[in-house]
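Below is one structure, written out as structure tokens; the observations come after it.
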Amino acid sequence: MSGKAIRGQWVKIHRIILNPSQRAPSVPEDTKKCPLEMWLNGYLDQDEAMIGEEVIIKTVIGRSVNGTLTEIEPKYAHSFGKPIQELLEIGPKVRDFIEQGDIDER
Amino acid sequence: MRDNSYASVMGRKNEIMKQAVGIDYSKYEIEGIAFDYEKMMAEVGYSLEEVTKIQDETSVGNTPLVELKQINKLIQRISPAGKGARIFLKDEAANPSGSFKDRRAAVSVYEAQRNGYKGVIAATSGNYGAAVASQAAKRGLKCIIVQETFDSQGKGQPEIVEKARACEAYGAEVIQLSVGPELFYYFLLLLEQTGFFNASLYTPFGIAGVETLGSELNRQMIEKTGRSPDYVVVTHAGGGNLTGTARGLKKAGAAQTKIIAASVDLSGLHMASDRDFNRKSFTTGHTGFGIPFATFPDRSDVPRNAARALRYMNRYLLVTQGETFYVTELLAQLEGMQRGPAGNTSLCAAISLARELDDDQTIVVQETEYTGAGKCPSAQLSFARENGIIVRTGNPEDNCPGKEIVLPQSPRQIHYTEMDMKKIKTSYVKQAVKNYDKQDFSDTERAFMAQDLNMTVETVEEILASIN
Numbered sequence: 032m033s034g035k036a037i038r039g040q041w042v043k044i045h046r047i048i049l050n051p052s053q054r055a056p057s058v059p060e061d062t063k064k065c066p067l068e069m070w071l072n073g074y075l076d077q078d079e080a081m082i083g084e085e086v087i088i089k090t091v092i093g094r095s096v097n098g099t100l101t102e103i104e105p106k107y108a109h110s111f112g113k114p115i116q117e118l119l120e121i122g123p124k125v126r127d128f129i130e131q132g133d134i135d136e137r
Numbered sequence: 272m273r274d275n276s277y278a279s280v281m282g283r284k285n286e287i288m289k290q291a292v293g294i295d296y297s298k299y300e301i302e303g304i305a306f307d308y309e310k311m312m313a314e315v316g317y318s319l320e321e322v323t324k325i326q327d328e329t330s331v332g333n334t335p336l337v338e339l340k341q342i343n344k345l346i347q348r349i350s351p352a353g354k355g356a357r358i359f360l361k362d363e364a365a366n367p368s369g370s371f372k373d374r375r376a377a378v379s380v381y382e383a384q385r386n387g388y389k390g391v392i393a394a395t396s397g398n399y400g401a402a403v404a405s406q407a408a409k410r411g412l413k414c415i416i417v418q419e420t421f422d423s424q425g426k427g428q429p430e431i432v433e434k435a436r437a438c439e440a441y442g443a444e445v446i447q448l449s450v451g452p453e454l455f456y457y458f459l460l461l462l463e464q465t466g467f468f469n470a471s472l473y474t475p476f477g478i479a480g481v482e483t484l485g486s487e488l489n490r491q492m493i494e495k496t497g498r499s500p501d502y503v504v505v506t507h508a509g510g511g512n513l514t515g516t517a518r519g520l521k522k523a524g525a526a527q528t529k530i531i532a533a534s535v536d537l538s539g540l541h542m543a544s545d546r547d548f549n550r551k552s553f554t555t556g557h558t559g560f561g562i563p564f565a566t567f568p569d570r571s572d573v574p575r576n577a578a579r580a581l582r583y584m585n586r587y588l589l590v591t592q593g594e595t596f597y598v599t600e601l602l603a604q605l606e607g608m609q610r611g612p613a614g615n616t617s618l619c620a621a622i623s624l625a626r627e628l629d630d631d632q633t634i635v636v637q638e639t640e641y642t643g644a645g646k647c648p649s650a651q652l653s654f655a656r657e658n659g660i661i662v663r664t665g666n667p668e669d670n671c672p673g674k675e676i677v678l679p680q681s682p683r684q685i686h687y688t689e690m691d692m693k694k695i696k697t698s699y700v701k702q703a704v705k706n707y708d709k710q711d712f713s714d715t716e717r718a719f720m721a722q723d724l725n726m727t728v729e730t731v732e733e734i735l736a737s738i739n
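Line by line, the protein sequences give chains V and P. The end of the first sequence is residue 137 by our numbering, with every number in the run present. The end of the second sequence is residue 739 by our numbering, with every number in the run present.
Next up, the structure:
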């Protein structure tokens, strides 16, 4: 993927909302060490930009928001996961159980 | 230009909220902790008939009630003679965006439209975001969903990433944040900047929307079994699901039905911790929300929370992550229904409860939710392993939130842990002492606490005396 986005392209931006020093007093120590960050998708609202540059986007509902360009045509990376052996065993085992009961009951 | 610093925006909270929910909460204030809950619900909320009409307009509700015949056969197998109640499941995944949250969103978005707001905003990492986005789409309003999605490494919780995808699919703008309660600060800032409606989960609209779930399931149970259910088990987090369902059941005349809360036990994991964030395999329906919201409801994003679970909760049962994944698998493999997992927390508790009840008794598990990438057990358990959590088959008693997920070897091993209701109610009183910074409450305040805790004033006084 090219690192250059053009006007109107669907992109993701990132920005810092609160620096570690600005975080709420109630936040646990591990969280307090990190900034509060934001990610947002929208259409690039300038002629072109490279990843890492400060840009303006127009969101899907028309708001203008600025931030650092982090991804061009961002994809959803979540999945159904890997097969889990321990899960695969549950169905057949419990069907047998309904029909025949525990091994010690047979 | 306005000062948009954290402290300044938080300081404008009440003003922003009044504008964004259109409710003057001060009308219902009485004194200190006390406010007129029923007056607020009657004046601001909608009647059961009105809610039904609003929900009909956007095809929400009227979901099927399914008798879990195979699971009930299984329960018979593992119960003593004469025991083993029948379980019925309200298939709320049949709502437009795939969960009961459409009921809450339907009323909030209707209210926003009626009052001329151009858009709605909701702060939610769960199904509610998809519900608000879906209802906003149906009514032609703009929608922003603010989520807590990533840890500081930029690693997203798969279940929450999936909700973001769903919200975007319905045309919403999705703002994703890293871990931390200051999400609320940014949420306030957005409300102020956009002038949109705060589609909070905790307004009277959000709760009135769930009342139809209670009345519907009661009607369906009467049709199927000739009477109201003996027990309704509710997956409990923020308290709205339980409060709304219980109110709906009462309005429908099901006075004897026992209301059982169920949550996944996530004790030991801190909800605002960056480190713990991706060690959870459930993002809702867990004790991290269930206990704090029950013991201090007014911690929510509106001045007075309409979800007050302890008014209606008869018992509170906890189950483990491993047991709930196991039960999610049972629902798919035995009943042909791929749902959850979060909504199956109550099914898990119900299976354990059913074994103790007589075989002529009935239990309703009052919700399911859609499943898919990021949400299904294989996705969550793969993610758990990537984060160093041990996943194995064994004795569910060995489950340790954030460290080990143990799937039962046999359905006989599914056992709830009962929370001590007196202890939870005592914790509510302790929270009141802390949050109102006083030990002496007036007669009016003590009477309010008694109502909020469904106990006598004398018992409230005993608890107060024991803490002081």
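Note that CB positions come from ideal geometry on N, CA and C, so glycine has one too. On a predicted model such as this, the values are computed, not experimentally measured, just so you know.
Exercise. Rank Glu430(P), Ala620(P), Val417(P) and Met281(P) by C-alpha distance to the C-alpha of Ala108(V) and give the top, closest one.
Key: Glu430(P)
Exercise. Report yes if the CB atom of Thr616(P) is closer than 8 Å to the CB atom of Gly556(P), and no otherwise.
Key: yes
Quiz item: Given Phe306(P), which residues of its chain have a CB within under 6 Å of its CB, disregarding the five upstream and five downstream residues?
Solution: Tyr299, Glu300 and Arg575
Quiz item: Pairing CB atoms from the region 122–133 of chain V with CB atoms from the region 474–481 of chain P, are three or more of them under 8 Å?
Solution: no
Practice problem: Return the chain-ordered ranges of every beta strand (DSSP E) run that is complete within the region 360–423 of chain P and spans a minimum of 3 residues. | Solution: 390–394 and 413–421
Exercise. Indicate whether Met584(P) and Leu537(P) have their beta-carbon atoms separated by less than 8 Å.
Key: no
Quiz item: Helix, strand or coil: which one does DSSP assign to Phe111(V)?
Solution: coil
Quiz item: In angstroms, rounded to a whole number, what distance separates the CA positions of Ile770(P) and Gly332(P)?
Solution: Given a span of 272 to 739 for chain P in the structure shown, any question on residue 770(P) remains unanswerable.
Quiz item: Which residues, taken in chain order from the region 82–95 of chain V, show a beta carbon closer than 9 Å to some beta carbon of chain P?
Solution: Thr90, Val91, Ile92, Gly93 and Arg94
Quiz item: At what residues does the beta strand (DSSP E) containing Asn97(V) begin and finish?
Solution: Ser95 to Ile103
Quiz prompt | Backbone secondary structure at Gly497(P) - three-state DSSP | solution = coil
Quiz prompt | Cβ separation of Ile304(P) and Phe596(P), assumed to be a contact under 8 Å, to the nearest whole Å | solution = Incorrect: roughly 39 Å between the Cβ atoms, too far for contact.
Quiz item: Is the shortest distance between the beta-carbon of Gly353(P) and the beta-carbons of chain V less than 8 Å?
Solution: no
Practice problem: Report the option in Asn549(P), Gln347(P) and Asn725(P) whose CA atom is closest to the CA atom of Gln428(P). | Solution: Asn549(P)
Quiz item: When you compare only the Cα positions, how much space is there between Arg137(V) and Ser370(P)?
Solution: With a pLDDT of only 43 at Arg137(V), under 50, the local geometry of the prediction cannot be trusted, and no value is derived from it.
Quiz prompt | Option nearest Thr99(V) by Cα separation, candidates Ser57(V), Asn72(V), Pro59(V) and Val58(V) | solution = Asn72(V)
Self-check item: Under 7 Å by beta carbon: chain P residues contacting Ser110(V)
Solution: Ala644 and Ala650
Quiz item: When the Cα atoms are used, what is the spatial distance from Ser653(P) to Pro667(P)?
Solution: 19 Å
Quiz item: Can you name, in chain order, every residue of its own chain whose Cβ lies under 8 Å from the Cβ of Ser737(P), other than the five neighbours on each side?
Solution: Thr697
Practice problem: Could you please give me the residues that DSSP links to Leu67(V) through a beta bridge? | Solution: Leu49(V)
Quiz item: If the cut is a Cβ gap below 9 Å, which residues of chain C does Lys106(V) touch?
Solution: Absence of chain C from the displayed structure is noted, the protein chains being V and P.
Quiz item: Beta carbon of Lys372(P), beta carbon of Leu488(P): below 8 Å?
Solution: no
Quiz item: Per DSSP, what kind of secondary structure is Asn512(P) in: helix, strand or coil?
Solution: helix
Practice problem: Please name the residue in Tyr707(P), Ala565(P), Ile661(P) and Leu461(P) whose C-alpha comes closest to that of Val96(V). | Solution: Leu461(P)
Quiz item: Expressed to the nearest angstrom, what Euclidean distance is found between the alpha-carbon atoms of Leu601(P) and Val728(P)?
Solution: 44 Å
Quiz item: Cα separation between Ile676(P) and Thr715(P)?
Solution: 46 Å
Exercise. Name, please, each residue of chain P whose Cβ falls closer than 8 Å to the Cβ of Pro114(V).
Key: Ser649
Quiz prompt | Three-state class that DSSP yields for Met608(P) in the structure shown | solution = coil
Exercise. Anything in chain P within Cβ reach of Arg54(V), meaning under 9 Å, just list it in chain order.
Key: Tyr277, Gly451 and Glu453
Exercise. Could you tell me whether any Cβ in chain V is nearer than 8 Å to the Cβ of Asp295(P)?
Key: no
Quiz item: From Ile129(V), Glu130(V) and Glu104(V), pick the residue whose C-alpha is nearest to that of Leu75(V); which is it?
Solution: Glu104(V)
Quiz item: What are the boundary residues of the alpha helix (DSSP H) that Gln559(P) is part of?
Solution: Checking the sequence, you will find Gly at residue 559(P) rather than Gln. That run of the alpha helix (DSSP H) goes Thr558 to Thr566.
Quiz item: So, do the region 635–651 of chain P and the region 347–365 of chain P have three or more beta carbon pairs nearer to each other than 8 Å?
Solution: yes
Practice problem: Could you please give the first and the last residue of the uninterrupted beta strand (DSSP E) stretch that includes Glu85(V)? | Solution: Glu85 to Lys89
Quiz item: Taking the C-alpha atoms as reference points, what is the distance between Ile660(P) and Val573(P)?
Solution: 36 Å
Quiz prompt | 6 Å Cβ shell around Leu520(P) - same chain, five flanking residues per side excluded | solution = Gly485, Asn489 and Thr528
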